[in-house]
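First residue of the sequence shown? That's -1 in this note's numbering, and the numbers climb one at a time after it.
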Amino acid sequence: GEAILVRQHRHGAGSDFLELPGGSADSHSEDPREAGRRELLEETGYEAAEWIYCGYHFPNPALQANKMHTFVALGCRKIAEPRLDPFEDLHVVRIPLAEAVGKWINGEFKHSLISASFGMTLKTLRERGLIGAELIGLGGASPVDRG
């Protein structure tokens, strides 16, 4: 399978980052899955046939109680062009999942929240039998391509 990522300029760090598509809910009442659907479409122009919840983590529990929810979107297909906010500087990056895993293992996901979410995504895919342990460096069976 492929990974749909974005390369986004982060002004605070002054450089580009390889990231998972995502963002914040528009309101406290917006469902995290709906926010994920909206963000995937806005940032990439893709929609997914299936969404699997991977879990959440606290980005900064010393100061804030907000949660960052992670989903994996399966069966993605492009249905539109990205609709970026004026301040967003990002580009869609489609690469083989094995290549994305290699980039993660080699430390190329420099945004700590994205790296944590990518790890949660791989754990979920592995637990559901959608990828093999070999893909994430655990040995064992070969990866399963679910296209």
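Backbone N, C-alpha and C fix where the C-beta goes; we use that ideal spot for every residue, glycine too.
This one's a predicted model, so the numbers in the text were calculated from it and none came from an experiment.
Fill in: Cross-strand partners of Glu45 (DSSP beta bridge)
Residue pairing by DSSP places Glu45 opposite Arg75 in a beta bridge.
Worksheet entry | Which listed residue (Asn104, Gln6, Asp14, His67) has its alpha carbon closest to that of Gly53 | Ranking Asn104, Gln6, Asp14, His67 by CA distance to the CA of Gly53 puts His67 first.
Worksheet item: Looking at C-alpha atoms only, which residue of His9, His7, Leu16 is the closest neighbour of Ala99?
Response: Before going further, note that residue 99 is Val rather than Ala in the sequence given. Put simply, of His9, His7, Leu16 the residue whose alpha carbon is nearest the alpha carbon of Val99 is Leu16.
Practice prompt. Evaluate Pro19 with the Cβ neighbour count: other Cβ atoms within 10 Å of its Cβ, from every protein chain shown; 16 or more gives buried, anything less gives exposed.
Written response: Its Cβ being crowded by 16 or more others within 10 Å, Pro19 is buried.
Practice prompt. Just the C-alpha distance for Phe69 and Glu0, rounded to the nearest angstrom, thanks.
Written response: Across the structure, Phe69 and Glu0 are spaced so that their CA atoms are roughly 16 Å apart.
Worksheet item: With contact counted as at least three CB pairs below 8 Å, one residue from each stretch, are the region 54 to 66 and the region 3 to 17 in contact?
Response: No, the region 54 to 66 does not touch the region 3 to 17.
Fill in: At least three beta-carbon pairs within less than 8 Å, the region 79 to 87 to the region 32 to 44
Contact between the region 79 to 87 and the region 32 to 44 is present, because at least three Cβ pairs lie under 8 Å.
Worksheet item: What distance in whole Å lies between the Cβ atoms of Val91 and Arg5, which are believed to be in contact at a cut-off of 8 Å?
Response: 5 Å between Cβ atoms; contact.
Worksheet item: Measuring CA to CA, which of Ile50, Arg75, Pro57 is closest to Ser22?
Response: Minimum Cα distance to Ser22 is reached at Pro57.
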